[in-house]
Amino acid sequence: MGQYLDQYRQSLEQPEAFWANAAKTIDWDQKWDRVLDDSKAPYYRWFAGAKLNTCYNALDRHVSNGLAKQAALIYDSPVTNTKKTYSYQELLDEVSRLAGVLTNLGVTKGDRVLIYMPMIPEGVMSMLACARIGAVHSVVFGGFASNELATRINDAKPSVILSTSCGIEGSRIIEYKPLLDEAINVSEHKPANTVILQRPQATASMKEGRDIDWASAINSASPVDCVSLEATDPLYILYTSGTTGQPKGVVRDNGGHAVAMMWTMEHLYNIKPGEVFWAASDIGWVVGHSYICYGPLLNGSTTVMFEGKPIGTPDPGAFWRVISEYKVASLFTAPTALRAIRKEDPQCDYLKKYNISCMRALFLAGERCDPDTLTWAENKIHVPVIDHWWQTETGWAIAANCLGLEAFPVKAGSPTKPVPGYDVQFLDESGQAVANGEMGAIAIKLPLPPGTFTTLWQNEERFFSSYLETFPGYYETGDAGYQDEEGYVYIMGRTDDVINVAGHRLSTGAMEEVLASHPDVAECAVIGVADNIKGQSPMGFAVLQSGANRNEEEVREELIALIREKIGPVAAFKMATIVKRLPKTRSGKILRGTMRSMADGQEHKVPATIDDPASLGEIADNLKTLGYPKSV
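Using our numbering, the first residue of the sequence shown is number 2, and each one after it goes up by one.
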């Protein structure tokens, strides 16, 4: 328990000393007046009075310190058959010139720039160019529907939008420009300009006076230097889905964010400067912000940008090829990616084609990893498989196995222990701590560590009511779980996913663990549906493994029996159905809340991030077969 416990205790007992020491890894233009400003608690700010520039720390200083020729960004796109590597010098040249384009368009410190991009290098360049001049970037997932894009335009009020003619999803070309044009057409706020990168796969029509050709603008722009910013100035806004349908704009600051990213690269991921780190995510998600763009570059490492999928581009060996080809030290992906690979290639035959001996660890996040998937990955990949838990709001891990500090034995189903900086508590409805092993609402004692969100964009009232009001003095995570006697944390799902069956509080996550252990199940979801007698009843959905030639009714009966055996009759689990696919967001999160609303006959909004809208139609058909909603 050596180094981890020492650092964890210091982070809670002496947070200012702890984070002041961590801040030594960042180049500051001006030192802080206070490490932690608690004068407006519960609204805390880190490194008040300090000045820096995030882009300078991610690029310029590495060029100055001898890393000019080292690879900064590797772009690998099987969907366009393109591979390109940018050195730190080359990336700095591109970014400083793009910053010049924005400056020429009148963008200055504090202005917002919306980025609507696929997984191409220009997406990361856009983020860094904004950071360079103090503009606040807001990345919106490429291909987002026009009405959702318009909502974000109205909220952020960008002066400029950076976009491209198209994105590529598998074999489909998604034209972005018509979606963008419609979003601007219906939005109340109108950006002064859009800068459009024309890709070879599709040519966008341009609107005179507003739309600017990316290549022409770059050619006529001069590079610009970094602007010195307050540590507490906003770096970016990232929208996360709100339960009301109105997205919440999570605000990240410059100083605390840079310090936290640097600390995690070394102490959590155990990645050194010069090593290759790959977050197989998207820049539209928080993982892409933290660990495709900022974390690896601040650390002087090499980041991988992959425009493809874990399967189908071209096969289930895509991840193993990239790891082998670029000597990736650690991969960070979502459990759903592993389940997709497992479904298509359960014996990992494609892995045998590649040498992945360079790989030291596989990190999983985005949704809870069921023990069966984790064990499968351990057995096939033969490296530590580290599940870790974090949120868009926090920007980095709340609980993890910090490999750069001290590696603990992995317990399947647990993201291990709270990360230094996070005082994680498990509370009952009255805000009192529950005993070890008991399910509780997970809350984090304030102040949150650096790099977490400071507010919601122009909506501090909603920031307070959504996160700080329920448990005074704490950040309410919205997740539920428990802690065992050894301090391991278990995240069992959203608070809404703890269901009440005839007075018994049961975790749908625990039921999903049991269903996933069935040899024919590739992935599954359990929701609680309204029950006039019991309050709620569990309902299970299972996707079978490819090649599982089983009678579906037999499998269904086996699943019901399995829950009865492992959890007991108290679960009252009697409804299970086999589906071809589960509805998910593009980051792989299963839309349990939407499914629950459909089953209960409640109005529901299809999330803008849904990967395949048709999958909800199949769920609706299965619900009808089961007699839900009751009015159907």
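Beta carbons are placed, not taken as given, at the ideal position from N, Cα and C, and that holds for glycine.
- If only complete runs of 4 or more residues are kept, the segment 533-593 shows the alpha helix (DSSP H) at 553-567, in order along the chain.
- For residue 398, the uninterrupted beta strand (DSSP E) run begins and ends at 398-401, by DSSP.
- When DSSP states are grouped into helix, strand and coil, residue 477 belongs to the strand group.
- The DSSP-derived three-state label of residue 90 is helix.
- One Cα belongs to residue 73, the other to residue 123, and the distance between them is close to 14 Å.
- Every beta strand (DSSP E) stretch that sits fully inside the segment 67-122 and reaches 3 residues is listed by chain position as 72-78, 83-88 and 113-118.
- In the structure shown, residue 384 falls within a coil segment according to DSSP collapsed to helix, strand and coil.
- When 584, 509 and 595 are compared, the shortest CA-CA separation from residue 615 is found for 584.
- Closest in C-alpha terms to residue 286, from the list 387, 526, 469 and 391, comes 391.
- A direct Cα-to-Cα measurement between residue 22 and residue 453 gives close to 18 Å.
- Annotation for residue 515: the continuous alpha helix (DSSP H) segment containing it runs 509-517.
- DSSP places residue 138 inside the beta strand (DSSP E), whose first and last residues are 137-142.
- Under the DSSP definition of a beta bridge, residue 524 partners with 544.
- DSSP lists 254 as the beta-bridge partner residues of residue 235.
- Spanning the alpha carbons of residue 205 and residue 165 requires a straight line of approximately 8 Å.
- Its chain contains 52 as the residues whose beta carbon lies nearer than 7 Å to that of residue 231, once the 5 sequence neighbours on both sides are disregarded; these appear in chain order.
- Cβ-Cβ separation between residue 219 and residue 458: approximately 29 Å, too far for a contact (criterion under 8 Å).
- For residue 78, the closest alpha carbon among the candidates 40, 474 and 315 is that of 315.
- Counting other Cβ atoms within 10 Å of its Cβ, residue 438 stays below 16 and is therefore classed as exposed.
- Note: residue 128 is not bridge-paired with any residue in the DSSP secondary-structure output.
- Contact between the segment 586-593 and the segment 361-377 is present, with at least three C-beta pairs closer than 8 Å.
- Under DSSP, residue 305 forms a beta bridge with 75.
- Residue 116 counts as buried, since at least 16 other C-beta atoms from the protein chains shown sit within 10 angstroms of its C-beta.
- Around the C-beta of residue 513, 16 or more other C-beta atoms lie within 10 Å, and the residue is accordingly described as buried.
- In this structure, the beta-carbon distance from residue 511 to residue 343 does not fall below 9 Å.
- Around residue 260, the same chain offers 20, 23, 24, 26, 27, 47, 48, 451 and 452 as residues with beta carbons nearer than 8 Å, after the five sequence neighbours per side are excluded.
- Taking a 10 Å sphere around the C-beta of residue 143, we find 16 or more other C-beta atoms and assign the residue as buried.
- Remark: three or more beta-carbon pairs, one from each stretch, lie closer than 8 Å, so the segment 290-307 and the segment 75-92 are flagged as touching.
- With 16 or more other Cβ atoms inside 10 Å of its own Cβ, residue 8 counts as buried.
- DSSP, reduced to helix, strand and coil, places residue 148 within a helical segment of the structure shown.
- The beta carbons of residue 58 and residue 299 sit closer together than 9 Å.
- Burial check for residue 55: the Cβ neighbour count within 10 Å reaches 16 or more, so the residue is buried.
- In this model, residue 447 and residue 475 are separated by some 5 Å (Cα to Cα).
- Here the C-alpha atom of residue 331 lies approximately 8 Å from the C-alpha atom of residue 280.
- One Cα belongs to residue 167, the other to residue 198, and the distance between them is close to 9 Å.
- Closest option to residue 358, judged by alpha-carbon separation, among 383, 127 and 421: 383.
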